[in-house]
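Protein chains in written order, with the numbering used here: chain B, 148 to 290; chain L, 148 to 290. Cβ coordinates follow ideal geometry from the N, Cα and C atoms, glycine included. Keep in mind it's a predicted model, so treat the numbers as computed, not measured.
There are 2 protein chains.
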Amino acid sequence: MNTLYSPSALKAELNAKGWRLTPQREVILKIFQELPQGNHLSAEDLHEQLVGLEQDISLSTVYRTLKLLARMGILRQLELAEGHKHYELNQPYPNHHHHLVCVKCNKTIEFKSSSILQVGSKQAQEYGYKLLDCQLTIHAICP
Amino acid sequence: MNTLYSPSALKAELNAKGWRLTPQREVILKIFQELPQGNHLSAEDLHEQLVGLEQDISLSTVYRTLKLLARMGILRQLELAEGHKHYELNQPYPNHHHHLVCVKCNKTIEFKSSSILQVGSKQAQEYGYKLLDCQLTIHAICP
DNA sequence: TAAGTATTGAAAATTTATCGCAAATAGCCC
DNA sequence: GGGCTATTTGCGATAAATTTTCAATACTTA
Chain B
148 MNTLYSPSAL KAELNAKGWR LTPQREVILK IFQELPQGNH LSAEDLHEQL
198 VGLEQDISLS TVYRTLKLLA RMGILRQLEL AEGHKHYELN QPYPNHHHHL
248 VCVKCNKTIE FKSSSILQVG SKQAQEYGYK LLDCQLTIHA ICP
Chain L
148 MNTLYSPSAL KAELNAKGWR LTPQREVILK IFQELPQGNH LSAEDLHEQL
198 VGLEQDISLS TVYRTLKLLA RMGILRQLEL AEGHKHYELN QPYPNHHHHL
248 VCVKCNKTIE FKSSSILQVG SKQAQEYGYK LLDCQLTIHA ICP
């Protein structure tokens, strides 16, 4: 899984696969890196933030970039109960976490568990897959 | 999590919350109960199966029923990599399983892990949530 | 069995995400 | 640094998935 990405590290990783570092990609990654722990953004959320920052990035590019960064393992795609995908930075071990979601009110609680990442790594390894992300999602109803 | 639902058990569970047992809901649950292990259906898939069975259930009702049964904890909603939601029966312990998904080719492998369900139950309990479902999704790239 | 409310079907509307194409630009080589 | 080429962007159009509206129908309960 990923470590912390400086712009140049991002560039290296992109170029290694024939992709390019663009200002749009850099800005989007920066936003996720500066997002407070526990926050996550949908494509629309992100687009609005960018407009607020006077960074004019089209919605298409937002979608394309989110997909790309998730496929690189830099972002993780969350499927919470909101009906659309959310994204957050895919952080390595000590910050790696999972989600407990109330399907009624959509409230989401983060929690950590070292054993889950172990199970995930082991499974991926067993089948020879390259691990990108590993997330436990608990659907439940809050009191 | 759920046990096996007979039509009358389904009726009881529905009525307890002011909902009704309809032939549509009964047929849809039956289809999932007879689905071979490892299969899962999208709303469209299910609708096609129903048409094939000469069960004329509208697509709206299919969507509504899938959502309802998932919220009751009878079905689980899977977010694999296909771009639309899939559903399967939410089975208790010995059949409870998780998914390893290749984000490139969409191939999905099921695997079991008793420890994950334990982690999930513990977390839900800790916050006083009523557990509906608990699934580990591993995103990875196949060889 | 009748009353009252939940549910259904059909079509329209929304929401979410992708695509095609021309213009812009990052990376690379000299 | 300037030019070449392939990648990326923005825009609008489009597609796909899901929800909503509303009148008609059908469960439940008393």
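The Cβ of B:T284 sits closer than 7 Å to at least one Cβ of chain L. For chain B, none of the residues of the segment 157-173 of chain L brings a beta carbon within less than 9 Å of one of its beta carbons. Assigned with DSSP and collapsed to three states, L:I263 falls in helix.
According to DSSP, residue pairing for B:R218 in a beta bridge does not occur.
In the three-state DSSP reduction, B:Y274 falls in the coil class, being neither helix nor strand.
In the structure shown, B:R172 falls within a helical segment according to DSSP collapsed to helix, strand and coil. In this structure, DSSP gives L:E229 a state outside helix and strand, which the three-state scheme calls coil. Secondary structure of L:R211 (DSSP, three-state): helix. For B:A271, the residues of chain L that pass the 8 Å Cβ criterion are L247, I285 and A287, in the order they occur in the chain. In this model, B:L213 and L:N162 are separated by some 43 Å (Cα to Cα).
For B:V198, the uninterrupted alpha helix (DSSP H) run begins and ends at A190 to G199, by DSSP. For L:R211, not one C-beta of chain B is nearer than 7 Å to its own C-beta. In the structure shown, the three-state DSSP call for B:Q180 is helix.
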